[in-house]
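Q: Dropping a structure here in structure tokens format, bear with me for questions.
In the working numbering, the protein residues as written are 968 to 1108.
Below you can see the structure in the form of structure tokens.
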């Protein structure tokens, strides 16, 4: 089973400006949201994994590279796993859904980037489902 999927959005433009929308994004399972604003484009956040929590990532400003790797064993994951890299940009309205069972490593690729993250878990539930691995565990793509 894939650990990710894309939800395509669209943009409407007229004389008043533009409107980004995601009419096929069902937000019924979302419990909380937060925004990541890195202090610079050099730092990578990760690897962070969840067995059960699903997260949706949307770049509202700038751009990000999000590496996703499906975890084979949460207590002792194989270092031979190969991540898949995705680039999210404010220029293309898309939401990346990463289902439980995967780890992510996130890096802004432009200064002043902003990433909105939606979750189907409360903060307390997320903390109980949180697994962290050294950034050097898997090679960033």
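Using N, Cα and C, we set each Cβ at its ideal position, and we do this for glycine too.
Go through its chain and collect everything with a Cβ distance to residue 1090's Cβ below 7 Å, but skip five positions before and after it.
A: Excluding positions up to five away in sequence, the list reads 999.
Q: Could you check where the alpha helix (DSSP H) with residue 1090 kicks off and where it finishes?
A: 1090-1095
Q: Going by other Cβ atoms of all chains shown within 10 Å of its Cβ, with 16 needed for buried, is residue 1080 buried or exposed?
A: Answer is buried; the Cβ neighbour count reaches 16.
Q: For the 8 Å Cβ check, are there 3 or more pairs between the stretch 1000-1007 and the stretch 974-992?
A: no
Q: Between the alpha carbons of residue 971 and residue 1010, how many angstroms are there, rounded?
A: 23 Å
Q: Classify residue 1103: buried if its beta carbon has 16 or more other beta carbons within 10 angstroms, exposed otherwise.
A: By the C-beta density criterion, residue 1103 is exposed, having fewer than 16 other C-beta atoms within 10 angstroms.
Q: On the criterion of 16 or more Cβ atoms from any shown chain inside 10 Å, does residue 986 qualify as buried, or is it exposed?
A: exposed
Q: Do you know offhand how far residue 993's Cα is from residue 1026's?
A: 18 Å
Q: For the candidate residues 1073, 1019 and 1057, whose alpha-carbon lies nearest to that of residue 1086?
A: 1019
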